[in-house]
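Just below is one structure, and these are the notes that go with it.
Here it is as structure tokens:
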């Protein structure tokens, strides 16, 4: 599953796009990682993420995106005893949004963030 929590959003009418900063979380089960003998969730080191399988998730209407980080990528990996992986990133993305501005400033826009994965 996927969960997004918006931190901030900015709309640019002249370029018909919007910028969204969010916490983007994905969860999946990898039975190879299960460890049912210990009933504790493990928070894994950031470097472990490079060794895990992660979905190839991308935004279809993306123009530009980046993962936040100062010295390392801003991501969280939590492993549950049944092999469920919770993987979270802080992402800023600029995405396309076709806007109908004929009724501006009384208009209302509906911009979507289209998400896909090929794995």
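In the numbering used here, the protein residues as written are 1 to 119. Each residue gets a CB set at the ideal place from its N, CA and C atoms; glycine is no exception.
Exercise for review: Select from 95, 74 and 26 the residue whose C-alpha is nearest the C-alpha of residue 112.
Suggested key: 95
Review point. For the segment 73-111, which segments carrying the alpha helix (DSSP H) assignment without a break, of at least 4 residues, lie completely within its bounds, in sequence order?
Key: none
Exercise for review: Check residue 50 in the structure and name its three-state DSSP category.
Suggested key: helix
Check your understanding: Taking Cβ to Cβ, would you say residue 93 is nearer than 8 angstroms to residue 20?
Key -> yes
Point to revise | Cβ contact (3+ pairs, closer than 8 angstroms) linking the segment 40-59 and the segment 71-81 | key: yes
Review point. Can you pull the DSSP bridge partners for residue 120?
Key: Residue 120 lies beyond the stretch modelled for the chain, which goes from 1 to 119, so this question has no answer here.
Review point. Given a threshold of 16 other Cβ atoms within 10 Å of its Cβ, counted over all protein chains shown, does residue 89 qualify as buried or as exposed?
Key: buried
Check your understanding: Can you tell me whether residue 38 is buried or exposed, with buried defined as 16 or more other CB within 10 angstroms of its CB?
Key -> exposed
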